[in-house]
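The opening position of the sequence shown corresponds to residue 6 in our numbering, with each subsequent residue numbered one higher.
For reference, the structure discussed in these notes is given below.
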Amino acid sequence: FLKEEEVLDKAEIWAQKYLHAHPVWFGSFSAILVISDPDYAKAVLARGDPKDNVSYKHLVPWIGNGLLILHGPKWHQHRKLLTPGFHYDVLKPYVALMAESTNVMLDKWDKLVTDGKPVELFEHVSLMTLDSIMKCAFSCHSNCQTNRKNTYIQAVYDLCLMVHQRLRIFPYHNDIIYWLSPHGFRFRKACQLAHDHTDKVIHERKESLKDEQEFEKVQKKRHLDFLDILLCARDENGAALSDEDLRAEVDTFMFEGHDTTASGIAWLFYCLASHPEHQARCREEIQGILGDRQTIQWEDLGKMTYSTMCIKESLRLYPPVPGVSRQLSKPITFSDGRTLVVGEDLGKMTYSTMCIKESLRLYPPVPGVSRQLSKPITFSDGRTLRSVFDPSRFSPENISGRHSHAFLPFSAGTRNCIGQQFAMNEMKVALALTLLRFELLPDPTKPPLKIPQIILRSKNGIHLSLKKIR
Ligand code: HEM
């Protein structure tokens with residue numbers, strides 16, 4: 006096994022070496038096929054294959070069979086039900102809520118930075134994005150950023166780590182062995198904590214909807230918030246969503262809706278701290294848009310052109326969801342005529358036929374975009390041009406004519422990220438308000454080590470120095 010912190014770099018090296026796809030073996034009996042060609046990715050994502058039955062399976066005891074895991078008609082029904090929750094009329098008022106949550110975080114930083122010591126930001130940002138998703142999607146004002154230590158955030162960290170460990174320790178793939186092990190015991194305990202949190206949120210919203218005024222307010226809305234959609238949903242027979250389905254969707258969105266954006270924002274701050282010239286350019290752009298205003302509005306987000314380029318470049322280098330996988334249900338022929346056959350021995354692979362026993366994994370953004378650069382330059386410190394933070398890769402000239410599937414931080418096709426607009430808005434709001442108040446500086450003594458634990462994290466956190474500028 007590779008060390009955790011080597012996995013993504015190695016994936017990039019292999020993607021450079023094997024331009025279309027390559028198998029990765031786990032021991033001598035299990036393999037996945039890793040795809041790095043945008044055309045291949047397009048072919049796979051256009052189909053309706055289910056999620057692979059190894060990696061996602063271990064998430065089920067925690068997030069249940071919600072939108073991320075579901076397949077077939079039930080997935081279709083839930084996706085249709087929940088899509089209006091991300092309509093721009095719904096997203097618009099969220100900008101003020103996101104700004105409020107970001108300002109709570111920045112007020113905390115104001116008090117923290119008096120001694121000039123670097124701060125570990127990942128946890129701060131996670132609490133901020135949790136606060137924000139709870140307010141936006143669940144109408145729940147929890148004050149989780151200022152309340153005592155948040156047990157839900159800790160449980161999410163532990164659960165991601167344990168799902169990742171379970172994948173890497175083969176005997177733990179067996180349910181009986183896992184649930185009887187100390188790991189299984191810890192997993193159950195963390196699940197219980199996470200479920201207690203989501204149960205409380207559902208219960209509180211159900212109670213508040215018993216209030217006639219609140220219920221009338223909701224009924225008058227043209228587009229409902231996420232949790233209200235779920236609570237008000239009725240099928241053709243007038244039946245409400247089952248408690249199990251409701252809980253699965255709430256657990257899925259509670260996790261996906263905050264941990265991914267926390268990773269995106271924390272790594273973005275790290276990129277800009279390490280590249281002061283780009284940080285200064287974003288700040289200038291934001292000051293130009295906001296003028297004397299100290300808060301940000303929906304209309305401002307579309308004007309943040311350079312900042313958006315920086316966000317995309319950060320997502321390319323540090324994708325919050327580093328890989329997605331599918332269980333191929335039938336053979337697939339790619340645009341170059343090569344065929345991928347399922348359930349065969351990988352040893353029988355020929356140039357025109359690739360065989361696969363298990364799942365198909367895509368490491369989407371990193372290897373894809375790099376193929377757009379004709380000649381990667383290697384610097385004396387070993388970095389290649391592909392790994393250099395260069396927002397101009399996303400300038401209008403450079404993206405025109407680029408393959409539609411060369412940059413896939415939010416995946417693509419029918420199973421793309423339902424929350425991508427929400428996520429981009431939150432990253433822009435957090436970036437704008439932070440750069441107005443602080444200069445971000447790197448901490449050379451603690452460079453982050455990227456590890457893919459379902460969500461991209463840093464093994465040693467993300468430490469930055471903060472300098473007040475207002
Ligand atoms: C920077 C932030 C985010 C990134 C990079 C991201 C990325 C992704 C990716 C790559 C997928 C495909 C997963 C797969 O095929 O297995 C996905 C799916 C999904 N995402 Fe996101 N996501 C982000 C934010 C969000 C937010 C804020 C929400 C909710 C508010 C969300 C909810 C979901 C859901 C429910 C799915 C499953 C959709 C389906 O299969 O129909 N994500 N996301």
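Cβ coordinates follow ideal geometry from the N, Cα and C atoms, glycine included.
Which complete alpha helix (DSSP H) runs does the region 17-56 hold, if anything under 4 residues is left out? Listed in chain order, the complete alpha helix (DSSP H) runs (minimum 4 residues) inside the region 17-56 are 43-50.
Which term fits residue 192, buried or exposed, when burial requires 16 or more other beta carbons within 10 angstroms of its beta carbon? Residue 192 is buried by the Cβ-count criterion.
So is residue 240 buried or exposed if we call it buried at 16+ other beta carbons inside 10 Å? exposed
If you draw a straight line from the alpha carbon of residue 319 to that of residue 136, how long is it in whole angstroms? 23 Å
Using alpha carbons as the reference points, say which of 152, 229, 236, 321 lies closest to residue 93. Of 152, 229, 236, 321, the residue nearest in Cα terms is 229.
Straight-line gap, residue 468 to residue 56 (C-alpha atoms, nearest Å): 35 Å
Residue 241 (DSSP reduced to helix, strand or coil): Here DSSP, grouped into helix, strand and coil, assigns residue 241 to coil.
Which residues bound the beta strand (DSSP E) around residue 457? Following the DSSP letters along the chain, one finds residue 457 inside the beta strand (DSSP E) bounded by residues 455-458.
Residue 463 beta carbon less than 8 Å from that of residue 127: Yes. Within cutoff.
Alpha-carbon to alpha-carbon, residue 413 and residue 327: 10 Å
Could you check the C-alpha separation between residue 170 and residue 342 for me, to the nearest Å? 38 Å
Which same chain residues end up closer than 6 Å to residue 308 when comparing Cβ atoms and leaving out the 5 residues on each side of it in sequence? 294
I need the DSSP call for residue 394, collapsed to helix, strand or coil. coil
By alpha-carbon positions, which one of 31, 74, 62, 22 ends up nearest to residue 420? 74
Residue 15 and residue 24 - do their beta-carbons sit closer together than 8 Å? No Cβ-Cβ contact shorter than 8 Å links residue 24 with residue 15.
What number of angstroms, rounded off, separates the C-alpha of residue 236 from the C-alpha of residue 182? 37 Å
On the criterion of 16 or more Cβ atoms from any shown chain inside 10 Å, does residue 288 qualify as buried, or is it exposed? buried
With a threshold of 7 Å (Cβ to nearest heavy atom), would residue 269 be considered close to the ligand HEM? yes
Count the other C-beta atoms from every protein chain shown that fall within 10 angstroms of the C-beta of residue 218, then say buried if there are 16 or more, exposed otherwise. Answer is exposed; the Cβ neighbour count stays below 16.
Along the chain, where does the beta strand (DSSP E) containing residue 472 start, and where does it finish? 468-473
Under the DSSP definition of a beta bridge, which residues are partnered with residue 338? 344
Beta-carbon separation of residue 86 and residue 144 under 8 Å? Taking 8 Å as the cut-off, the Cβ atoms of residue 86 and residue 144 do not count as close.
Distance between residue 67 and residue 200 (C-alpha atoms, nearest Å): 8 Å
Where residue 175 falls, given that 16 or more other Cβ within 10 Å makes a residue buried: Answer is exposed; the Cβ neighbour count stays below 16.
Straight-line CA distance for residue 370 to residue 69? Because residue 370 carries a pLDDT of 46, less than 50, the predicted location of this residue cannot be relied on, and no value is offered for it.
Name the one or two DSSP bridge partners that residue 95 has. According to DSSP, which records beta bridges pairwise, residue 95 is partnered with nothing at all.
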